[in-house]
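Residues 44 to 351 (the numbering used here) are what the sequence shown spells out, left to right.
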Amino acid sequence: MPASAVPCSACSRWLTRTRSHITAAGWGLLNPYPPREGSTMGHDYTDALLARDGAVAMLTLNRPEKLNAFGPKMEEDIRAAIAEVNRDPSIRVLIVTGAGRAFSAGADVKAWDARIREGGEPSAVDRWRQNEARHAMVLGLYELSKPVIAAVNGAAVGMGMDFALAADIRIAAESARFAMLYIKRGLVPDEGGAWFLPRLVGPARAAELIFTGDFVDGREAERIGLVNRCVPDDQLLPAARELADKIAAGPPIAMEFAKRAIREGLGLSLRAHFDAIGYYMSVLNNTEDVAEGMRAFVERRAPVFSGR
């Protein structure tokens, strides 16, 4: 871990609710530069907090009293944070976690109904716009140009599970519990779960999880491939940070193309995949990072990638 990294002994403080605790743990809240038109740089983060240390940013779902259920303000904060991370070239990896004892308990239905009903009885169009905003948030995380690691603590159910599945990599605490509870409410996974799950655990196991709404703990999630690994609770954020630092040390342009290749490859033929890879390689071969990688290999040293 580089000198700028947060000491592991301070990692537990990242799960607190307040900005001061996040700052105390060594994560400086992203500096609100003078806002520009169309910029989220001046966004007031409250229900989700965005902090950074070096090349790694952390997005903390921050409604612990509601088990980080998704309400209107939290979703606004998340969309702003995703846009900010995507725009900042100095941020190379994003970690997503939850404050308190849960990752996220899903959607805060009461909060959303209260927001929608402020203008009177909600129409079908109002409900559609609500769903579109949520879908844009999940898509934003899934399509983020930088690698995303979900550090799942406690419950990740319904929409909370969907959101975790949108990350590239998932690390679960032993206390983590996953469930697609939609079916128990007479619903279907509407924030990506029915799309993500078959790609992660296969159609048959995805069907079982969706049809039953049963809970899966962290160890079982690791066994079936739902998460990359399961670690003791006190090692969750240190493990996520260690992996984030390793990824952040890599070449950012190649990392973005690698992420695209993985995602696009799920829906392409091998021939089309080769066409895309050929384009990526032609771009990468003209970057300073490739030259640095070659020099480092010849000189038998670790490369230092600039992202150019």
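All residues carry an ideal CB built from backbone N, CA and C; glycine is no exception.
Member of the options whose CA lies at the smallest distance from the CA of residue i
i: A123; options: R303, A291, R170 and Y88; result: Y88
i: M204; options: K189, R220 and V326; result: R220
i: I290; options: A142, G350, R130 and V200; result: G350
i: D131; options: K189, N329 and R284; result: K189
i: G141; options: S325, G149 and R135; result: G149
i: G293; options: L102, V136 and K116; result: V136
i: R262; options: C273, N329 and L269; result: C273
i: A283; options: P241, Y225 and A210; result: A210
i: L269; options: I138, F239 and D277; result: F239
i: D120; options: E108, P232, A179 and Y225; result: A179
i: K116; options: E108, D90, R95 and N129; result: D90
i: M101; options: F340, V168, P281 and A345; result: P281
i: Y185; options: I125, K153, A237 and N328; result: I125
Inter-residue spacing [alpha-carbon to alpha-carbon] between residue i and residue j
i: R338; j: F300; result: 21 Å
i: P275; j: E217; result: 5 Å
i: D257; j: G336; result: 47 Å
i: S147; j: E331; result: 41 Å
i: K227; j: R314; result: 42 Å
i: L252; j: R213; result: 18 Å
i: A354; j: R177; result: Because the chain is modelled from 44 through 351, residue 354 falls outside the range shown and cannot be assessed.
i: A145; j: V139; result: 12 Å
i: G321; j: L230; result: 43 Å
i: I267; j: V244; result: 6 Å
i: G197; j: R306; result: 28 Å
i: N129; j: N271; result: 24 Å
i: A249; j: L311; result: 22 Å
i: S166; j: H86; result: 29 Å
i: M202; j: D260; result: 17 Å
i: T103; j: R303; result: 25 Å
i: E342; j: P107; result: 50 Å
i: A319; j: P295; result: 18 Å
i: D233; j: Y225; result: 8 Å
i: L279; j: G143; result: 13 Å
i: F340; j: E285; result: 24 Å
i: A334; j: P346; result: 10 Å
i: H316; j: A237; result: 24 Å
i: D277; j: V326; result: 42 Å
i: N329; j: R344; result: 21 Å
i: V168; j: K153; result: 18 Å
Residue i burial status per 10 Å Cβ neighbour count (16 or more: buried)
i: T255; result: exposed
i: P246; result: exposed
i: L110; result: buried
i: N105; result: buried
i: I134; result: buried
i: E265; result: buried
i: M324; result: exposed
i: E118; result: buried
i: R95; result: buried
i: F348; result: buried
i: A112; result: buried
i: N74; result: At N74, the pLDDT of 33 sits below 50, so the modelled position is not reliable and the matter cannot be decided from this model.
Cβ-heavy atom distance, residue i to the ligand HEM, below 7 Å
i: G236; result: For the structure depicted, the ligand HEM is absent and the ligand set is empty, with no information on it obtainable.
Short Cβ contact (8 Å threshold) for residue i with residue j
i: D151; j: G114; result: yes
i: V99; j: A297; result: no
i: V200; j: A215; result: no
i: L92; j: E127; result: no
i: G235; j: V181; result: yes
i: R19; j: L309; result: The shown model of the chain, from 44 to 351, leaves out residue 19, and the question about it has no answer.
Proximity test, Cβ basis, 8 Å: residue i and chain D
i: L224; result: Protein chains in the displayed structure number just one, and chain D is not present.
Requested in this report: Would you be able to state if there are at least three C-beta pairs under 8 Å between the segment 183 to 203 and the segment 166 to 173?
Outcome: no
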